[in-house]
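Under this note's numbering, the sequence shown has 88 at position 84, and the numbering climbs by one with no breaks.
We put the beta carbon where it would ideally sit given N, CA and C, even for glycine.
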Amino acid sequence: MIVAKFGGSSLADAEQFQKVGAIIHADNERRYVVPSAPGRQHENDDKVTDLLLSCHENVLSGTSCAALLDRVRSRFLKIADDLNINSDLLVKEMDEAQRHIKMGASRAYTASRGEYLNGLLLSQWLQMPFVDAARVIRFFRDGRLNHPETNRLIQEIIAPLGSAVVPGFYGADEDGSIHVFSRGGSDVSGALLAHGVNADVYENWTDVSGFRTADPRIVPDAKYIQDMTYRELRELSYMGATVLHEDAVFPVRLAGIPTRLRNTNDPLHPGTMIHYSPIRNGVTPIVTGIAGRKGFSSILIEKDQMNSEIGFGQRVLRILEEHGINFEHMPTGIDAMSVILTSSSLAPSREKILAEIDRAVKPDHLSVQDNLAMVATVGSGITKQYATAARLFTAIAEQGIGIKTMLMAPSELSILIGVEEKHLNTAITALYDAFIRT
Numbered sequence: 005m006i007v008a009k010f011g012g013s014s015l016a017d018a019e020q021f022q023k024v025g026a027i028i029h030a031d032n033e034r035r036y037v038v039p040s041a042p043g044r045q046h047e048n049d050d051k052v053t054d055l056l057l058s059c060h061e062n063v064l065s066g067t068s069c070a071a072l073l074d075r076v077r078s079r080f081l082k083i084a085d086d087l088n089i090n091s092d093l094l095v096k097e098m099d100e101a102q103r104h105i106k107m108g109a110s111r112a113y114t115a116s117r118g119e120y121l122n123g124l125l126l127s128q129w130l131q132m133p134f135v136d137a138a139r140v141i142r143f144f145r146d147g148r149l150n151h152p153e154t155n156r157l158i159q160e161i162i163a164p165l166g167s168a169v170v171p172g173f174y175g176a177d178e179d180g181s182i183h184v185f186s187r188g189g190s191d192v193s194g195a196l197l198a199h200g201v202n203a204d205v206y207e208n209w210t211d212v213s214g215f216r217t218a219d220p221r222i223v224p225d226a227k228y229i230q231d232m233t234y235r236e237l238r239e240l241s242y243m244g245a246t247v248l249h250e251d252a253v254f255p256v257r258l259a260g261i262p263t264r265l266r267n268t269n270d271p272l273h274p275g276t277m278i279h280y281s282p283i284r285n286g287v288t289p290i291v292t293g294i295a296g297r298k299g300f301s302s303i304l305i306e307k308d309q310m311n312s313e314i315g316f317g318q319r320v321l322r323i324l325e326e327h328g329i330n331f332e333h334m335p336t337g338i339d340a341m342s343v344i345l346t347s348s349s350l351a352p353s354r355e356k357i358l359a360e361i362d363r364a365v366k367p368d369h370l371s372v373q374d375n376l377a378m379v380a381t382v383g384s385g386i387t388k389q390y391a392t393a394a395r396l397f398t399a400i401a402e403q404g405i406g407i408k409t410m411l412m413a414p415s416e417l418s419i420l421i422g423v424e425e426k427h428l429n430t431a432i433t434a435l436y437d438a439f440i441r442t
């Protein structure tokens with residue numbers, strides 16, 4: 005059994021609806037569908053959710069949002085008309101939503117109506133039962149997901165239906181108040197549904213054919229990744245790969261359900277399959293993917309006999325904690341340590357933090373290096389492979405790039421290096437050529 009989630013670009017207009025219909029009907033195992041709100045039809049278009057959020061802001065400021073609501077209504081009615089779908093129910097529900105929005109409905113309610121209305125429309129197109137996500141995706145009143153109760157409701161309400169369309173992005177608390185996930189939250193909704201009905205596979209359909217081994221804006225011909233693990237996904241997502249974030253699929257990861265990324269516009273492409281554990285059939289490549297991002301700073305602390313001072317590192321980290329700053333990495337040596345963190349988190353209290361570190365540990369030398377980029381070379385068991393680190397250092401050195409910091413993950417999943425931001429693209433290209441292109 006398959007749960008299929010379709011993103012906004014996959015449901016932007018009637019033509020895309022037809023593609024989705026063909027995909028669902030091509031495999032009888034695709035029984036549960038999770039839609040996003042309609043996305044952009046072209047580069048200069050607006051997403052329906054953005055129109056709704058603008059409308060909410062207008063209501064708060066006392067400005068009319070009639071024109072925005074008319075645009076939303078026109079989008080849905082055009083899809084229904086182009087597909088020859090009876091729009092009576094759609095019009096009724098749009099009228100109801102519009103009434104609540106104009107009366108000052110919550111931001112979450114307003115934002116969620118794109119998914120709700122698109123779900124109604126898609127259920128008619130696919131001739132599947134419609135289940136309002138507010139009935140089954142349960143939140144606590146403070147906005148946190150109630151995962152156990154959500155799972156129970158899905159098993160009680162949705163699983164017996166055998167098939168259903170359930171809108172993504174939102175749910176409700178026990179009082180019926182609407183809550184939403186962060187933008188892109190339909191991915192979470194789909195994963196929750198897949199977990200609840202115990203799907204064999206969770207399919208995430210979008211406008212790209214899966215993960216690439218490197219950012220195609222940097223390496224235009226980067227290969228697609230056929231198979232990867234959730235741990236590799238987490239490493240690559242953290243370092244800037246944006247196709248799908250690991251946090252969005254935590255329900256299926258916990259349940260050991262694989263996720264396949266597919267392209268609505270190229271449904272014959274196999275996409276990327278994400279597994280709980282590395283696959284054992286065939287040859288596993290040393291490197292699964294390479295990713296990097298800018299915006300890091302490194303606080304360098306040097307002190308003779310630092311390693312003999314009990315609690316030295318703890319004192320430094322406590323200062324960051326008191327300022328609400330999370331450190332990213334902490335390479336250490338006998339007489340030196342560096343704390344790598346995002347530049348944006350350090351900036352507001354930079355001088356105060358440095359002064360407090362100076363008082364707390366009395367270093368011989370204290371400095372900050374800015375404009376760092378971190379590059380991750382990721383692959384299951386990468387650090388077990390003979391000479392992997394040597395190949396990496398050689399590839400970087402041949403480009404005349406200095407490595408500012410280096411970490412080998414204890415999980416044996418990645419090697420992380422820090423370089424100047426201006427060298428990020430060159431470093432990624434060099435590593436791609438060394439490990440993947442060859």
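Apart from the five residues on each side of it in sequence, which residues of its chain come closer than 6 Å, Cβ to Cβ, to Ser127? Within the sequence shown, the letter at position 123 stands for residue 127. If we look at Ser127 and ignore the five residues flanking it on each side, its Cβ neighbours are Phe134, Val169.
If we count the other Cβ atoms within 10 Å of its Cβ and call it buried at 16 or more, is Met107 buried or exposed? Numbered from 1 along the sequence shown, position 103 holds the residue referred to as residue 107. Under this definition Met107 is an exposed residue.
CA-to-CA distance, Met243 to Ala377, given in whole angstroms: For the purposes of this step, residue 377 is taken as the residue at position 373 of the sequence shown. For the purposes of this step, residue 243 is taken as the residue at position 239 of the sequence shown. Looking at the two C-alpha atoms, the distance is approximately 10 Å.
DSSP beta-bridge partners for Tyr36? For the purposes of this step, residue 36 is identified with residue 32 of the sequence shown, where counting begins at 1. Val7, Ala168, per the DSSP bridge assignment.
Using DSSP bridges, identify the partner residues of Val184. On the sequence shown, position 180 is the one that residue 184 refers to. In the DSSP output, where bridge partners are listed per residue, Val184 has Tyr174.
With a 10 Å radius around its C-beta and 16 neighbouring C-beta atoms as the bar for buried, classify Gln102 as buried or exposed. Here residue 102 refers to the residue found at position 98 when the sequence shown is read from its first residue. Counting Cβ neighbours within 10 Å, Gln102 comes out buried, since at least 16 surround it.
Using DSSP with H/G/I as helix, E/B as strand and the rest coil, what is His279? By one-based count along the sequence shown, residue 279 stands at place 275. When secondary structure is reduced to three states using DSSP, His279 falls in the strand class.
I'd like to confirm something about Arg44: is its beta-carbon nearer than 7 Å to some heavy atom of the ligand ADP, or not? In the structure shown, the ligand ADP is absent, as is every other ligand, since no ligand is present at all.
Using the Cα positions of Met341 and Ser312, report the straight-line distance between them to the nearest angstrom. Translated into positions along the sequence shown, residue 341 becomes position 337. Translated into positions along the sequence shown, residue 312 becomes position 308. Answer to the nearest angstrom: the Cα atoms are 13 Å apart.
Have a look at Arg257, Thr276, Cys69 and flag the residue whose alpha-carbon is nearest the alpha-carbon of Thr217. In the sequence shown, residue 217 corresponds to position 213, counting from 1. For the residues Arg257, Thr276, Cys69, the minimum Cα distance to Thr217 belongs to Thr276.
Beta-carbon contacts of Ile419 that lie in its chain and below 8 Å, excluding the five residues immediately before and after: Within the sequence shown, residue 419 is the residue found at index 415, counting from 1. Correct list, in chain order: Ala380, Thr381, Ile386, Thr387, Thr392, Ala393, Leu396, Met410, Leu411, Met412, Ala413.
Quick one, are the C-beta atoms of Ala252 and Ala195 less than 8 Å apart? For this step, residue 252 is matched to residue 248 along the sequence shown. For this step, residue 195 is matched to residue 191 along the sequence shown. Yes.
The alpha helix (DSSP H) with His151 in it runs from where to where? For the purposes of this step, residue 151 is identified with residue 147 of the sequence shown, where counting begins at 1. Counting along the chain, His151 sits inside the alpha helix (DSSP H) bounded by residues 151-157.
Gly315: buried (16+ other C-beta within 10 angstroms of its C-beta) or exposed? Along the sequence shown, read from residue 1 onward, the residue named residue 315 stands at position 311. Per the 10 Å Cβ criterion, exposed.
Check for me: the beta strand (DSSP E) holding Arg264 runs from which residue to which? Residue 264 sits at position 260 when you count from the first residue of the sequence shown. Element bounds for Arg264: 263-267.
If we call anything under 8 Å between Cβ atoms a contact, is Leu64 one with Glu97? As a first step, residue 64 must be located in the sequence shown, where it is residue number 60. As a first step, residue 97 must be located in the sequence shown, where it is residue number 93. Their beta carbons are not under 8 Å apart, which means Leu64 does not touch Glu97 by this criterion.
Just tell me which of Glu119, Gln318, Asp179, Leu130 has its CA closest to the CA of Phe143. Mapped onto the sequence shown, residue 143 falls at position 139. Minimum Cα distance to Phe143 is reached at Asp179.
Please name the residue in Ser301, Ala434, Ala30 whose C-alpha comes closest to that of Ala226. Numbered from its first residue, the sequence shown carries residue 226 at position 222. By alpha-carbon distance to Ala226, the top candidate from Ser301, Ala434, Ala30 is Ala434.
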